[in-house]
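Trainee: Mind looking over this structure? Questions follow.
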């Protein structure tokens, strides 16, 4: 997500960074490129206009052009402006009542039903006991979809026979939650166009009757210039509390996020980052600004690791790394851990300076590269895994046959592994490698 | 359950306040067009999702058509002509299902409206006296098969399906076999929504296509990309990727009744040479219209 926008902005930023002196003409060129980059990313044209004007003001106001390291100053101005638009603080859902009602609203196809299930998973992880309520009474099979998602993730789903009005479903859902001792009710509503008055009226009546603790607008990250209008229309009729941006794992440049945030002032609570039911992440505005500018997002990476990685196992491997006893077995277990953390391209995108690698790495993983590596290691004997130097021509042929690869593949893996061991030893001794080139070769790029 | 209905608008679209048209009227009501007006025109087109690049080329061509010191009305006319010409050049608005059997593969990102569009297409073909079978090859999304089944019942056409998680290629294959043995005219294959940057999922789409090709050479005759009209510049990336993997032959622009823009269609037609063949303009089964470039331009600039 945001790759293209960050690539464009990074290009502008890199050119400025190196400069010891920046003329007003340089600044104009940079700002024009920033303007185009933002427009291509579907940032609303009014927001772009203001954004560029304010960056210019910041840059000129801070005496950037005559000061020390002017390039860096302009970068800072862009960064500060992004953070200001995206909002500094994380939005936490206010779930105080028992049970609290969270209502999901939005256009058709924005991803409400899938998001409801993902949100249930996340809330349960945070210690809540959610109930999903299927109140999309119009789309064929929408109720079946929620029921089957609830099944998948093991969360209770409240349904009523076809023909029951949404309001009644919402009320009986709250009743069921009370009886069952569940503390959050996630209400999935029918998709509707913001210009569809009768449908909007219906939603207003529903919200008025059940008074949600949170009303979340679900927005497709690929939405164009209309995103602002849609958000404004919903916000005008309903007391929205926050947004959820979906499909952020696509290659949309996500200008909608910047625009809606800037125009409505509504915070972005979560972003959808994958088709799996765990593909919903809390949104961190400051981190996103840094990611857009290619400054990395180490905090999210660390958190993701903490959520998914087996701590004891990680410490064991880390210790072995330091002791230079890292074997193919450890490598195999590392791969499994990394896979649990999610798409590798996404992870690399969070590492400062490694953003450019992300695409290539994702490609490698999509092509089944990781699977191949696992198959090769699995086809080795325990002894070979501990002592790869044992592997000569005939063992290599056997391993290749066993893993459905070629001896050359096996060879490449062994070479990359020994390169990795070398890198690890350097890391262990505190000498950081100068580039991530080693990582790229291991990923088969 | 019956939705509360809006006033029926037929297949025509209502001009929207705040759309491109009202801005143009304000801009071009003037006797002569200044440099500042051209800047604002650029902004108006970008705001309609036409995209910065296509906008620049449209305006350059418009300027040439209209001449140096044209009146506002001349400029408006020239702009309309230019957009329409570019849409028509790539064959927008013309759709021929062709002789039976016709296999139609329907693709797109998640939530663009594939399943609903298929129901509308099926209803349309049935109205024209064709026999239709639907293939539920979206075996991934929860209850997608059920959704297509319900539509099938409503339209009165058979739906070929397997269990959730089944191989989509196998479902398509079954549908072709069923169509052949029953002498069906049109096979419409529903596919799971996928984001165009997911390499594996896109490869799966290419595979479904190959399964169809192997069974019936020269098919699928139509590969329709379903595109949400509120999509921004990402629509270009979608059209490019789906064309590469699945050989898109035309675009169905959905949810056009929910936007004042849809300019991404102009960009796709212009830059990728893909025609827009249908437009979805409402919730009802009959609210799928052949895309009429003339009417679209009038609506866009109205």
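Chains as they are written, first to last, in the working numbering: chain P, 1 to 445; chain W, 1001 to 1302.
Every residue, glycine too, gets a C-beta built ideally from N, C-alpha and C.
Every value quoted in this text rests on a predicted model; they were computed, and no experiment measured them.
(1) So, using beta-carbon positions, are residue 1160(W) and residue 1178(W) closer together than 7 Å?
(2) Under 7 Å between C-beta atoms, does residue 1286(W) make it to chain P?
(3) What is the DSSP secondary structure of residue 353(P), counted as helix, strand or coil?
(4) Please name the residue, chosen from 36(P), 13(P), 38(P), 37(P), that lies closest to residue 26(P) on a Cα-to-Cα basis.
(5) Kindly indicate if chain P contains any beta-carbon less than 7 Å away from that of residue 1296(W).
(6) In whole angstroms, give me the CA-to-CA distance for residue 116(P) and residue 140(P).
(7) Here's the rule: buried if 16 or more other CB atoms are within 10 angstroms of the residue's CB, otherwise exposed. What is residue 251(P)?
(8) Checking 7 Å against the spacing of the C-beta atoms, do residue 242(P) and residue 267(P) come in under that value?
(9) What residues in the stretch 1191–1218 of chain W bring their beta carbon closer than 8 Å to a beta carbon of chain P?
(10) So which residues of chain P does residue 1228(W) contact, with C-beta pairs closer than 7 Å?
(11) In the DSSP output, which residue or residues are listed as bridge partners for residue 1279(W)?
(12) What residues of chain P sit near residue 1147(W), judged by a beta carbon separation below 7 Å?
(13) What separation, rounded to the nearest whole angstrom, lies between the Cα atoms of residue 1164(W) and residue 1174(W)?
(14) Roughly how far, in whole angstroms, is the beta-carbon of residue 1106(W) from the beta-carbon of residue 1208(W), given that I think they are within contact range, below 8 Å?
(15) My output table needs one value for residue 1042(W): the three-state DSSP class, helix, strand or coil.
(16) Classify residue 1039(W): buried if its beta carbon has 16 or more other beta carbons within 10 angstroms, exposed otherwise.
(17) For residue 212(P), count the other beta carbons within 10 Å of its own beta carbon; 16 or more makes it buried, fewer makes it exposed. Which is it?
(18) Contact defined as beta carbons within less than 8 Å: I believe residue 1241(W) pairs with residue 1212(W). What is the distance between those atoms, to the nearest angstrom?
(19) From the beta carbon of residue 136(P), is the nearest beta carbon of chain W less than 7 Å away?
(20) Against residue 149(P), what residues of chain W qualify as contacts under a CB-to-CB distance less than 8 Å, listed in chain order?
(21) Quick check: is any heavy atom of the ligand ZN less than 6 Å from the C-beta of residue 29(P)?
(22) I want to verify the contact list: residues of chain P whose CB lies under 8 Å from the CB of residue 1109(W), in sequence order.
(23) Less than 7 Å separating the beta-carbons of residue 255(P) and residue 42(P)?
(24) By DSSP, does residue 1088(W) sit in helix, in strand, or in coil?
(25) State the beta-bridge partners of residue 189(P) as determined by DSSP.
(26) Express the C-alpha separation of residue 249(P) and residue 270(P) in angstroms, rounding to a whole number.
(27) Would you check if the distance between the CB atom of residue 245(P) and the CB atom of residue 227(P) is smaller than 7 Å?
(28) Is DSSP giving residue 248(P) helix, strand or coil here?
(29) Does residue 28(P) get closer than 7 Å to chain W when you measure Cβ to Cβ?
(30) Does the Cβ of residue 194(P) have 16 or more other Cβ atoms within 10 Å, making it buried, or fewer, making it exposed?
(31) At the level of alpha carbons, what is the spacing between residue 1202(W) and residue 278(P)?
(32) List, in chain order, every chain W residue whose beta-carbon is nearer than 7 Å to that of residue 36(P).
(33) Taking residue 260(P) as the reference, which of 284(P), 225(P), 274(P), 239(P) has the closest Cα?
(34) Whose C-beta lies closer than 8 Å to the C-beta of residue 1126(W) among residues of the same chain, with five residues either side of it excluded?
(35) Quick one: Cα of residue 1062(W) to Cα of residue 1084(W), how far?
(36) Per DSSP, what kind of secondary structure is residue 1136(W) in: helix, strand or coil?
Mentor: Walking through what the data contain:
(1) Going by C-beta atoms, residue 1160(W) is nearer than 7 Å to residue 1178(W).
(2) Not an interface residue.
(3) With a pLDDT of only 47 at residue 353(P), under the threshold of 50, the placement of this residue in the model should not be trusted; the figure read from the coordinates follows. Of the three classes helix, strand and coil, the one that applies to residue 353(P) here is coil, per DSSP.
(4) Of the listed residues, the one whose Cα sits closest to residue 26(P) is 13(P).
(5) Answer no: the Cβ-Cβ gap between residue 1296(W) and chain P never drops below 7 Å.
(6) Looking at the two C-alpha atoms, the distance is approximately 17 Å.
(7) Counting every other CB atom within 10 Å of its CB across the protein chains shown gives residue 251(P) a total of 16 or more, marking it as buried.
(8) Contact: yes.
(9) The stretch 1191–1218 of chain W vs chain P, Cβ under 8 Å: 1195, 1196, 1197, 1198, 1199, 1200.
(10) Correct list: 109.
(11) Checking the DSSP bridge columns, you'll see residue 1279(W) partnered with 1253(W), 1289(W).
(12) Under the 7 Å cutoff, chain P gives 140, 141.
(13) Those two C-alpha atoms are separated by around 15 Å.
(14) So it is not a contact: roughly 11 Å between Cβ atoms.
(15) If DSSP states are grouped into helix, strand and coil, residue 1042(W) belongs with the helices.
(16) Exposed, because fewer than 16 other Cβ atoms sit within 10 Å of the Cβ of residue 1039(W).
(17) Counting C-beta atoms within 10 angstroms of its own C-beta, residue 212(P) has 16 or more neighbours from the protein chains shown and is therefore classed as buried.
(18) Not really, about 19 Å apart at Cβ, beyond 8 Å.
(19) No, its Cβ sits nowhere closer than 7 Å to a Cβ of chain W.
(20) Those are 1142, listed as they occur along chain W.
(21) Among the components modelled here there is no ligand, and therefore nothing to report on the ligand ZN.
(22) Neighbours of residue 1109(W) across chain P, judged by C-beta separation under 8 Å: 222, 247, 250.
(23) If you check the CB distance, residue 255(P) and residue 42(P) come in under 7 Å.
(24) Note: residue 1088(W) maps to helix in three-state DSSP.
(25) In DSSP, residue 189(P) forms a bridge with 135(P).
(26) In this model, residue 270(P) and residue 249(P) are separated by some 13 Å (Cα to Cα).
(27) Not in contact: residue 245(P) and residue 227(P) (Cβ atoms no closer than 7 Å).
(28) Here residue 248(P) sits in coil by DSSP.
(29) For residue 28(P), the answer is no, since every Cβ of chain W falls outside 7 Å of its Cβ.
(30) By the neighbour-count criterion, in which 16 or more other beta carbons inside 10 Å mark a residue as buried, residue 194(P) falls on the buried side.
(31) Going from the Cα of residue 1202(W) to the Cα of residue 278(P) covers about 22 Å.
(32) Ordered by position in chain W, the residues that pass the 7 Å Cβ test against residue 36(P) are 1052.
(33) That would be 225(P), whose Cα lies nearest to the Cα of residue 260(P).
(34) Here the set comprises 1132, 1155, 1156, 1157.
(35) Spanning the two alpha carbons is a distance of roughly 12 Å.
(36) Looking at residue 1136(W) - three-state DSSP - the assignment turns out to be strand.
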